[in-house]
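Asker: Sharing a structure below in C-alpha cells format, with a few things to ask.
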Amino acid sequence: MKTRYGYKTYPLTAAQKYHFYYSEYCPGKEILNVGTSLTIEFELNVEELRKAIYKAYERCESMRARLTYDAKEKEWYQYIVDKEEREIEFVDFSGKTMDEAEAEMTAWTRVPFEQDAPMNKVVIIKTPDGFQGMYLVGDHRFLDAQSLICFLKDVIELYCNANFENVPYPADMRSYVEQLEKDFAYEAGSKAQARDREYFHKMFEAPEPIYNGIDGRRKLDEARAATKNPNLRAAPTGSDSFAAEIDIFHLEGEPTERLMTFCEKQHISLQCLLIMGIRTYLQKMNNCDDVSMMVAYARRATLLEKKSGGTRIHSFPFRTMIPGDKSFLEGIFEIRDKQNEIFRYVNFDPVECMIYKNQVYNPPRGMGYETVSLTYQPATLREKGLTDLGGIRYKTKRYGNGYYADGLYLTVMHRPEDNGLDFSFEHQTKAYSRETLERFYYYLCKIMFKGTENPNLKIGDIIKLV
Numbered sequence: 000m001k002t003r004y005g006y007k008t009y010p011l012t013a014a015q016k017y018h019f020y021y022s023e024y025c026p027g028k029e030i031l032n033v034g035t036s037l038t039i040e041f042e043l044n045v046e047e048l049r050k051a052i053y054k055a056y057e058r059c060e061s062m063r064a065r066l067t068y069d070a071k072e073k074e075w076y077q078y079i080v081d082k083e084e085r086e087i088e089f090v091d092f093s094g095k096t097m098d099e100a101e102a103e104m105t106a107w108t109r110v111p112f113e114q115d116a117p118m119n120k121v122v123i124i125k126t127p128d129g130f131q132g133m134y135l136v137g138d139h140r141f142l143d144a145q146s147l148i149c150f151l152k153d154v155i156e157l158y159c160n161a162n163f164e165n166v167p168y169p170a171d172m173r174s175y176v177e178q179l180e181k182d183f184a185y186e187a188g189s190k191a192q193a194r195d196r197e198y199f200h201k202m203f204e205a206p207e208p209i210y211n212g213i214d215g216r217r218k219l220d221e222a223r224a225a226t227k228n229p230n231l232r233a234a235p236t237g238s239d240s241f242a243a244e245i246d247i248f249h250l251e252g253e254p255t256e257r258l259m260t261f262c263e264k265q266h267i268s269l270q271c272l273l274i275m276g277i278r279t280y281l282q283k284m285n286n287c288d289d290v291s292m293m294v295a296y297a298r299r300a301t302l303l304e305k306k307s308g309g310t311r312i313h314s315f316p317f318r319t320m321i322p323g324d325k326s327f328l329e330g331i332f333e334i335r336d337k338q339n340e341i342f343r344y345v346n347f348d349p350v351e352c353m354i355y356k357n358q359v360y361n362p363p364r365g366m367g368y369e370t371v372s373l374t375y376q377p378a379t380l381r382e383k384g385l386t387d388l389g390g391i392r393y394k395t396k397r398y399g400n401g402y403y404a405d406g407l408y409l410t411v412m413h414r415p416e417d418n419g420l421d422f423s424f425e426h427q428t429k430a431y432s433r434e435t436l437e438r439f440y441y442y443l444c445k446i447m448f449k450g451t452e453n454p455n456l457k458i459g460d461i462i463k464l465v
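Using numbering that gives the first Met the number 0, the first residue of the sequence shown is number 0, and each one after it goes up by one.
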C-alpha cells in the first residue's frame, strides 16, 4: 500500500508493533487507550481554547495520524492527514459529583478507535470543582506519556500566547514523519541494529532468571507443584483475566524533594532509585538476590525524538544480582552502570527480544520471571514555558481503559500541583488486590527513604529494618 485517500502511507515502527503484540490476546481493543485530563483553576474562554487545540493539531503530525489495514498484503499502515476538522466538544460537569464526572471520562477511555479514523479524541471540560481544561484519550500506538504531555503543554502555551501579554509563542514541534524515516533506516538491517541484537543475545547467555513475586514465592511454589518440577524458575506473572484497574498512591512534594536531592547529590536518575527500591522489596519478599523486572525506556534523547510525538517506548528485562552484604549506594551504582549500558541498545525491537528470550529459556506457556514493569516519566507540565503563569493551580488525572495485558505496570510521574510523585499501579484485578499494592508501595517508600538516609547501610540490614 503506497497511498490511502491520497496520503502517503508508512509501515509501523517496532514501538507500534509492540502494542499489537499484547493487544491481539485481549478481548477488548480499548486496552490500547491512554486517557488523561488536565484542568486549571482558571476561567477559560472555550472558543479560544478550541482554537488552541486546532492549532496544536496543525503543529503535531502524529496527532493527525490514521491507521489502516491492507487486506491483500495483510499489513497495517499509517498515514497523516493534512488537517483536523472534527468537532471538539465542550462538556460541563457542573452539578455532578467528581465521582460522576470521572466515571464518564473513564467510559470515554473505554471506547476503542477505528481504522481510517482519528486515533485520539479531545474534549474541553469543566469539572465540578470549577477547574477547566481538557480530557484527552489516544491510542497507545500513536501516543505515550511524553508525547501526551508535549501536546497538552503545547495547547496551554498556544492559548496563553493568544490571550495573555508577554507569554511567548511556543517553539515548533518536530516532524513525526522525519522520525519515522530514521526508525525505518535503523530497522532495515542497519549496523546499529545488528550490534543491538548481538547485545541482547549475549544477555540471554546467562543462566535462567527466577520468578520473584510481589507477595512472595507462593505462585512459584504453586507452579512447581502443578508442573511436578521442583526446579522450575518461572511462574504466572498475571492472571487468566485481562480486567484491570488503576490504583494511585501519592507521595507528597517535600519527601519527593528529599529523594530528588539525593539523586542529584549522587549523580543518578530517579529511575535508578526506583529500580533499587523495587528490586530490594522483591529481594525481601522472596529471600532472593537474583531479581528481574521489566523497565520501559522512552527513547527521547534528541530534540527530534522529544518533540515529534507518537509512541517511542521500548521495554526490556532488567536483571540484577545484588547480595545483601553490599551497601544501598553500591547497589544503586551497579544499577546506574547497567542502565547506562542498556540505554545504548534500547532501539532494538522489544518483541524480537522477548521471543528470543523465550526460545532460550523456554518457560511453560503463560509463565515468566518479571512480575512488575516500571515506567518513570520525568517530563512534567511544570517545565519552562508554564512557569510564567503565576500561581494558577492545575492538576492531571489518569483514567483506566479496563484492561491490562500482564499482572502489574507501575508508572511513576510528577504531579503538576506540587511536583510530588504519583505511583500509578495498573493491574489485573484478579492478579493483585489494592491491599497488596498498598503494601508494595508502603515498603517501596520505606526502602527508598531508609536507603537514601543511610546510603552506606547494607541492603540486608535495610531489609531487616523495614
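Ideal Cβ placement from N, Cα and C applies to all residues, glycine included.
1) How about G323 and K457: do their beta carbons lie closer than 8 Å?
2) Taking the C-alpha atoms as reference points, what is the distance between F493 and E452?
3) Considering only residues of the same chain and omitting the five flanking positions on each side of K429, which have a CB-CB separation below 8 Å?
4) Could you name the residues of the same chain whose beta carbon sits closer than 7 Å to that of T435, not counting the 5 residues immediately before and after it, in chain order?
5) When you compare each of K218, E333, L273, F203 to M353 by their alpha carbons, which one comes out closest?
6) Judging by CA-CA distance, which residue of M412, K283, R173, I274 is the nearest neighbour of L303?
7) Taking just the CA atoms, how far does I155 sit from C25?
8) Go through its chain and collect everything with a Cβ distance to G252's Cβ below 7 Å, but skip five positions before and after it.
9) According to the Cβ coordinates, are S307 and Q145 closer than 8 Å?
10) First and last residue of the beta strand (DSSP E) that includes E74?
11) Where does Y403 sit, in a helix, a strand or coil, going by DSSP?
12) According to DSSP, is N357 part of a helix, a strand, or is it coil?
13) Quick check on the burial criterion: 16 or more other C-beta atoms within 10 angstroms. Buried or exposed for R298?
14) For L43, name the three-state secondary structure that DSSP assigns.
15) What is the rounded straight-line gap between the Cα of T374 and the Cα of L135?
16) I'd like to check one pair, Y56 with K7: are the Cβ atoms closer than 8 Å?
17) Going by the beta-carbon positions, is the gap between T105 and G399 smaller than 8 Å?
18) Counting only the same chain and skipping the five closest in sequence on each side, list residues whose C-beta sits under 7 Å from that of Y431.
19) Quick check on G384: does DSSP put it in helix, strand or coil?
20) Leaving out five residues on either side along the sequence, give the residues of the same chain with a beta carbon under 6 Å from the beta carbon of V90.
21) Quick one: measure Cβ to Cβ for N285 and R216, integer angstroms, because I've assumed they're closer than 8 Å.
22) Excluding the 5 residues preceding and the 5 following Y76 in the sequence, name in chain order all residues of the same chain whose CB lies nearer than 8 Å to its CB.
23) Counting C-beta neighbours from all protein chains within 10 Å, is the total for H266 16 or more, i.e. buried, or is it exposed?
24) Got a sec? Which residues, its chain only, sit under 6 Å from D289 by beta carbon, not counting five neighbours each side?
25) Could I get the ranges of all uninterrupted alpha helix (DSSP H) runs contained in the segment 86-159, with 4 residues as the minimum, in chain order?
26) Relative to the alpha-carbon of R392, which residue among S22, E40, H18 has its alpha-carbon at the smallest distance?
Answerer: Per the coordinate set shown:
1) Contact flag set, yes.
2) As displayed, the chain neither begins before 0 nor continues past 465, which places residue 493 out of reach and without an answer.
3) Counting only Cβ-Cβ distances below 8 Å, and skipping sequence neighbours, we find S238, D239, S240, A242.
4) Cβ within range, chain order: I213, D214.
5) Per the Cα distances, F203.
6) Selection M412, K283, R173, I274 evaluated against L303 yields R173 as nearest (Cα-Cα).
7) Cα-Cα distance, rounded: 35 Å.
8) Result list for G252: D417, N418, G419, in chain order.
9) At a Cβ-Cβ threshold of 8 Å, S307 and Q145 do not count as neighbours.
10) 74-79 is the span of the beta strand (DSSP E), which, as asked, contains E74.
11) DSSP places Y403 outside both helix and strand once states are collapsed to three, so it counts as coil.
12) Assigned with DSSP and collapsed to three states, N357 falls in helix.
13) It counts as buried.
14) In this structure, L43 counts as coil in the three-state DSSP scheme.
15) Distance between the alpha carbons of T374 and L135 is about 20 Å.
16) No, the pair does not count as a contact, with Cβ atoms beyond the cut-off.
17) A contact, by the Cβ cut-off of 8 Å.
18) So the list reads I213, G406, L407, once near-sequence residues are dropped.
19) In this predicted model, G384 has a pLDDT of only 46, less than 50, meaning its place in the structure is not dependable enough to derive any value.
20) These residues qualify, in order along the chain: V122, I124.
21) The Cβ separation is near 5 Å, so the contact holds.
22) Closer than 8 Å at Cβ, skipping near neighbours: M0, R3, T8, Y9, P10, L11, L66, T67, Y68, D69.
23) H266 counts as exposed, since fewer than 16 other beta carbons sit within 10 angstroms of its beta carbon.
24) So the qualifying residues of the chain are I209, M320.
25) Within the segment 86-159, the runs of alpha helix (DSSP H) that reach at least 4 residues and sit entirely inside it are, in chain order, 97-108.
26) Among S22, E40, H18, the Cα nearest to that of R392 belongs to E40.
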